[in-house]
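Note sheet for the following structure.
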Amino acid sequence: MDPDVINLFEQYDWPGNVRELENALKHALTFAKDTVITRDCLPAKLQQITSAVESRSRKVDDVRGKSLKAFLRMKEKEYLSQALVSSDGDKQKAAKSLRISLATLYRKMPEPQE
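Structure representation (C-alpha cells):
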C-alpha cells in the first residue's frame, strides 16, 4: 500500500467497522493497476476523505512558526473571502453579514493576487 493510503486508513474512523474496511480493500484491489494500492484505487468516499486529510495537513504546515497575530490575520482573510463569495461579490451585503462597516471591510479585505 502507498504510505498515503496507510495514513488514511489509520486516520479514518471506519463507521462501518470491518465490513467497510473489507469493501474498501476489495474495491481497491479491483481497480489497482499495479501491485501498489494508491488513493486512486480507493472508493470515491475515501478519496474525498484523503483530500480533506491532505488539506488539513497543509493548513497545519501553513501556521507553523507564525505568530498568533499572523495566524489570526490569515484566518480573518479567509473568512472575509468566504463572506464575499457567499454574497456574490456584493461588498455591502458581505459587510452587513459580517456586522462590520463597509469601510472596515475595505480596510481588511485581502489584496488581489497578482
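Using the working numbering, you'd call the opening residue of the sequence shown number 38 and step up by one each time.
Built from N, CA and C at the ideal position, the CB exists for glycine as well.
Along the chain, where does the alpha helix (DSSP H) that runs through ALA69 open and close? Element bounds for ALA69: n/a, residue is neither H nor E.
Boundaries (first-last residue) of the alpha helix (DSSP H) holding ARG144: 139-145
Which residue wins for smallest C-alpha separation from TYR49, given the options THR141, LEU83 and ARG110? LEU83
Within 8 Å, do at least three Cβ pairs link the region 38-48 to the region 65-83? yes
Distance, Cα to Cα, HIS64 vs VAL122? 37 Å
Local conformation of TYR116 per DSSP, three classes: helix
Residue burial classification, ALA107 (beta-carbon count within 10 angstroms, cutoff 16): exposed
Output the boundary residues of the alpha helix (DSSP H) element that contains LYS103. Taken as a continuous stretch (DSSP letters only), LYS103 belongs to no alpha helix (DSSP H), as it is neither H nor E.
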